[in-house]
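See structure below.
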Amino acid sequence: MSTTSPSFRWAVLGPGSIARRFASQLPASQEGVLVAVGSTSPERARAFAEEFPLQGAALIGDYDEILASEDVDAVYISTVHTGHATLAAAALEAGKHVLCEKPLTPNSGTTMALTDLAARSGKVLLEAYMYRFHPQTVRVLELVADGAIGDVTHVDASFAFDTGGRSGRLFDTATAGGGILDVGCYPLSFARFVAGAAQGKAFVDPTALQGSGTLGETGVDEWATAEVTLPGDITASLRTGVRLSDPQSATITGSRGVIRLSDPWGLSEKQVIELDVVGEEPQRIEIPAASAYALEADALAKAARDGGVVPEVTPENTLGQSRALDLWREEIGLRFPFEADDADIPTLTGRPLAASSVQSGPAMAYGTIPGVDKKVSRLVMGCDNQMNLAHASAMFDAFYEIGGTTFDTAYIYGGGYIEKLFGKWVQNRGVREEIVVITKGAHTPHCDPESITRQLGESLERQGTEYADLYMMHRDNPDVPVGEFVDVMDEHLRAGRIRAYGGSNWTPARVDEANEYARANGRTGFTILSNHFGLAEALDVPWAGCVHATDADSKAWLEERGIALLPWSSQARGFFTGRAHPEDRSDAELVRCYYSDENFERLARAEALGAERGVPATAIALAFVLHQKFPTFPLFGPRSIAEMRSSTLGLGVELSESDLAWLDLRSPTR
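What follows is the structure in structure tokens.
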């Protein structure tokens, strides 16, 4: 924000009808002034400026010209839905605060990438739910929070209208048309706000959503309903549409009464909240006219000035909203062509994939593995938590941009679906020769040489590649002579289908036996092993057939052999995240695998050392793995970019030999 002017200087990008509402109300804000308008059409930009005279710099131009100006503090983006993400990203990178019309982006994968960029840029990104800032909504949420109608049990909300035709952006799948994203987002967000207020929170996310609706001849949703379950045993019935008119209303039912709103979204001249409580006279609470667009502009300006986020609509709230909208669309079978699993989904910025210009967190570290002539990132992204191509693209892009080069796939993940998503991402980005791909097969009960050959072929076909940099047998089968496994792996290596191989969940004894056979018979042996390893010692393993290497003998073997270890569950399945407490026995698997006095002492020491270093205990646990005397490349499976960034904190932690011994209970002091 400018330090030479008392005003907060706004530019409108996309001078359409909703931008006119924003511009007409902005003069009612405490400090906002309109100084610029940007458009792909010079004629539209000039017409807008004539209708709403610009102050200050009075800039008229295309998007790039407006974003390059030092006379603009923030932009209001009101293009079609599919134009939001790239334009908002460009604005954030240009150092502008962003108020973007809803939906922020068409799907949660892109929303996750954009909110992550905003967090790294240090600029405010606000999704424009203007009704949330109106005094009517504020008062309703106060009534709910104060228990005016008792315990909230149900929310009924609708925003639907009939356009009378099937033309324009609302009926175009290329612009993410339909009712759910355009106006269904209002009743959904309202239900989340109300259920949150009932529990003393700003919002809550649905625990379940069942949807139904009608897809019209152009492919968009013309009518849709949703039955939503929210925390606190609160339910919601939502309706939206663009070819069916339904009263724009909202009703909140509680154990003692009802709140009714006849104009929750349009917010015309004067609002009335109807409050009916059992045994009391009905109340009509009148709310004076207010400029909701100006109020949300002021909320962003305050957050920009204070260096924070807008509490009414936080990035976490926006991401939860996007996920719920995804689910609603999935329920009625609506996925737009540009987000299909075979689509050419671009990067957030539209530029070729490269290291991000806005970095945060410690730098990636690298190592080498025999047989692989590429740099191997010390952290390995697990490809098993991706929901669709949009989500996968955002996750994989973010990992690549922080320097991540190594990806872990498996034949069984998602029944092959994840390998297809990963392969499409690699194809879209053109990075096959820059990354290290780990492919796993031979999972019980198909753990035999014949299955390896079949599964490897299928995995390569799914991924659209000719080779795997590293291949790991996902399980061992002691009933098969180890030489048969070595022979088939050596065959694929010599044929160029793999560059190096090893085993996941193989015992040290079987690995030694395999390598002895390889040496004796002129074969290439194991160069990698992927067993459970971490700061917490495993008392048991989560899945049948798993092998851990957390005991003293296994650690000594790893040091002696110097074999590269790709440990899984190095964070002990959440043991170091704050989930584990001796008195909390709710997670039976966590209890079975990790609950011991020794492990809780390790946790306490990790927390203490983390407090000294200014990082969470999870970062200390990861650093412990990275500082072993044998090469380690921990696998991790974040479900969001935020989880990924949190996991990377361990890369910046240095541990001495005395730190390692103390953490591992081999020394009482450091």
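Everything in the sequence shown is counted per full-length UniProt numbering, starting at 1 for the first residue and increasing by one.
Note that beta-carbon positions come from the ideal geometry of N, C-alpha and C, so glycine has one too.
(request) Could you spell out the range, first to last residue, of the beta strand (DSSP E) harbouring M473? (result) Position 473 of the sequence shown, counted from the start, is the residue given in the question as residue 473. Per DSSP, M473 is one residue of the beta strand (DSSP E) stretching across A468 to M473.
(request) Using three-state DSSP, classify D553 as helix, strand or coil. (result) Numbered from its first residue, the sequence shown carries residue 553 at position 553. Here D553 sits in helix by DSSP.
(message) What does the alpha-carbon distance come out to for the pair S5 and L188?
(response) Residue mapping note: residue 5 aligns to position 5 of the sequence shown, counting from 1. Residue mapping note: residue 188 aligns to position 188 of the sequence shown, counting from 1. With a pLDDT of only 49 at S5, under the threshold of 50, the placement of this residue in the model should not be trusted; the figure read from the coordinates follows. So the two alpha carbons sit approximately 39 Å from each other.
(request) Could you check how far apart the C-beta atoms of A442 and V482 are, in whole angstroms? I think they sit under 8 Å. (result) Position 442 of the sequence shown holds residue 442. Position 482 of the sequence shown holds residue 482. No, A442 and V482 are not in contact; Cβ-Cβ is about 13 Å, not under 8 Å.
(message) Just to confirm, is the Cβ distance from P445 to F485 under 8 Å?
(response) Your numbering for residue 445 matches position 445 in the sequence shown. Your numbering for residue 485 matches position 485 in the sequence shown. Here P445 is not near F485, since their CB atoms are 8 Å or more apart.
(request) Could you tell me the distance, in whole angstroms, from the CA atom of E560 to the CA atom of F422? (result) Translated into positions along the sequence shown, residue 560 becomes position 560. Translated into positions along the sequence shown, residue 422 becomes position 422. Near 35 Å, if we compare the C-alpha coordinates of F422 and E560.
(message) Between which two residues does the alpha helix (DSSP H) holding F338 run?
(response) If you number the sequence shown from 1, residue 338 lands on position 338. Here F338 belongs to no alpha helix (DSSP H), and DSSP marks it neither H nor E.
(request) Please state whether DSSP places Y76 in a helix, a strand or coil. (result) Along the sequence shown, one-based indexing puts residue 76 at 76. Three-state result, Y76: strand.
(request) May I ask you to check if the CB of K302 is nearer than 7 Å to at least one heavy atom of the ligand MN? (result) By its list of ligands, the structure shown contains no ligand whatsoever, and the ligand MN lies outside what it can speak to.
(request) Taking all protein chains shown into account, decide if P508 is buried (16 or more other Cβ within 10 angstroms of its Cβ) or exposed. (result) Numbered from 1 along the sequence shown, position 508 holds the residue referred to as residue 508. It counts as buried.
(message) Please return the same chain residues whose Cβ sits closer than 6 Å to the Cβ of Y471, not counting the five positions on each side in sequence.
(response) Within the sequence shown, the letter at position 471 stands for residue 471. So the qualifying residues of the chain are T439, I498 and Y501.
(request) Following the continuous alpha helix (DSSP H) through G610, name the residue where it begins and the one where it ends. (result) Counting from 1 along the sequence shown, the entry for residue 610 is found at position 610. Where G610 is concerned, the enclosing alpha helix (DSSP H) stretches over D597 to R613.
(message) Please state whether the Cβ-Cβ distance between G56 and V35 is less than 8 Å.
(response) Taking the sequence shown and counting its residues from 1, one reaches residue 56 at position 56. Taking the sequence shown and counting its residues from 1, one reaches residue 35 at position 35. Yes, these two residues count as a Cβ contact at 8 Å.
(request) Whole angstroms is fine: what's the gap from Q30's alpha carbon to F8's? (result) Position 30 of the sequence shown holds residue 30. Position 8 of the sequence shown holds residue 8. Approximately 9 Å, taken between the alpha carbons.
(message) With the cut-off set at 8 Å, would you say A536 and R602 are in Cβ contact?
(response) As a first step, residue 536 is located in the sequence shown; it is residue number 536 there, counting from the start. As a first step, residue 602 is located in the sequence shown; it is residue number 602 there, counting from the start. A contact, by the Cβ cut-off of 8 Å.
(request) Taking T550 as the reference, give the member of E598, A580 and P370 with the closest Cα. (result) As a working mapping, residue 550 is identified with position 550 in the sequence shown. Considering only alpha carbons, the answer is E598.
(request) Helix, strand or coil for V653, going by three-state DSSP, please let me know. (result) Counting from one through the sequence shown, the residue named residue 653 turns up at place 653. Correct three-state label for V653: coil.
(message) I'd like the span of the beta strand (DSSP E) that includes G241, first residue to last.
(response) Stepping through the sequence shown from its first residue, residue 241 is reached at position 241. First-last of the beta strand (DSSP E) with G241: I234 to G241.
(request) Could you have a look at K440 and say whether DSSP puts it in helix, strand or coil? (result) Stepping through the sequence shown from its first residue, residue 440 is reached at position 440. Of the three classes helix, strand and coil, the one that applies to K440 here is strand, per DSSP.
(message) Quick check: the Cα distance between V376 and P106, rounded to an integer number of angstroms?
(response) As a working mapping, residue 376 is identified with position 376 in the sequence shown. As a working mapping, residue 106 is identified with position 106 in the sequence shown. Roughly 34 Å between the two C-alpha positions.
(message) Would you call the segment 134–153 in contact with the segment 275–292, where contact means no fewer than 3 C-beta pairs closer than 8 Å?
(response) yes
(message) Suppose contacts are defined by Cβ-Cβ distances below 8 Å. Is A195 in contact with I234 by that definition?
(response) Here residue 195 corresponds to residue number 195 of the sequence shown, with the count starting at 1. Here residue 234 corresponds to residue number 234 of the sequence shown, with the count starting at 1. Contact flag set, yes.
(request) Would you check if the distance between the CB atom of T406 and the CB atom of V380 is smaller than 8 Å? (result) Here residue 406 corresponds to residue number 406 of the sequence shown, with the count starting at 1. Here residue 380 corresponds to residue number 380 of the sequence shown, with the count starting at 1. Cβ distance < 8 Å, so T406 and V380 count as in contact.
(request) Kindly indicate the opening and closing residues of the alpha helix (DSSP H) around H391. (result) Residue mapping note: residue 391 aligns to position 391 of the sequence shown, counting from 1. Where H391 is concerned, the enclosing alpha helix (DSSP H) stretches over L389 to E401.
(message) Going by the DSSP bridge assignment, what does W568 pair with across the sheet?
(response) Stepping through the sequence shown from its first residue, residue 568 is reached at position 568. DSSP output for W568 lists H532 as bridge partner(s).
(request) Ignore the nearest five residues each way along the sequence and tell me which others in residue 725's own chain have a CB closer than 7 Å to its CB. (result) No information on residue 725 is available, as it lies outside the stretch 1 to 670 that the chain covers here.
(request) Tell me where the beta strand (DSSP E) around D408 begins and ends. (result) Here residue 408 refers to the residue found at position 408 when the sequence shown is read from its first residue. Here the beta strand (DSSP E) through D408 covers T406 to A410.
(message) Could you give the first and the last residue of the continuous beta strand (DSSP E) run that contains F159?
(response) For the purposes of this step, residue 159 is taken as the residue at position 159 of the sequence shown. It spans V152 to D162 - the beta strand (DSSP E) in which F159 sits, taken as one unbroken run.
(message) Please state the DSSP three-state secondary structure of V144.
(response) The residue labelled residue 144 in the question sits at position 144 within the sequence shown. Correct three-state label for V144: helix.
(message) For chain D, check one thing: does any of its Cβ atoms lie closer than 8 Å to the Cβ of L54?
(response) In summary, chain D is missing from the structure at hand, where a single protein chain is found.
(message) Distance check for V37 and G61, CA to CA, integer angstroms please.
(response) Locating residue 61 in the sequence shown gives position 61, where the first residue counts as 1. Locating residue 37 in the sequence shown gives position 37, where the first residue counts as 1. Answer to the nearest angstrom: the Cα atoms are 7 Å apart.
(request) For M381, name the three-state secondary structure that DSSP assigns. (result) Residue mapping note: residue 381 aligns to position 381 of the sequence shown, counting from 1. M381 falls in the strand class under three-state DSSP.
(message) I'd like to know whether the C-beta atoms of F630 and G562 end up nearer to each other than 8 Å.
(response) Position 630 of the sequence shown, counted from the first residue, corresponds to residue 630. Position 562 of the sequence shown, counted from the first residue, corresponds to residue 562. The answer is yes: Cβ separation under 8 Å.
(message) Taking 8 Å as the threshold (C-beta atoms), are C185 and Q321 in contact?
(response) One-based indexing of the sequence shown puts residue 321 at position 321. One-based indexing of the sequence shown puts residue 185 at position 185. The answer is yes: Cβ separation under 8 Å.
(message) Restricting to Cα atoms, I'd like to know which of D341, S158, A617 and Q455 is closest to T577.
(response) What you label residue 577 is simply residue 577 of the sequence shown in a count that begins at 1. That would be A617, whose Cα lies nearest to the Cα of T577.
(request) Could you tell me the distance, in whole angstroms, from the CA atom of E331 to the CA atom of G216? (result) Translated into the one-based positions of the sequence shown, residue 331 becomes position 331. Translated into the one-based positions of the sequence shown, residue 216 becomes position 216. As the crow flies, the alpha-carbon of E331 is around 15 Å from that of G216.
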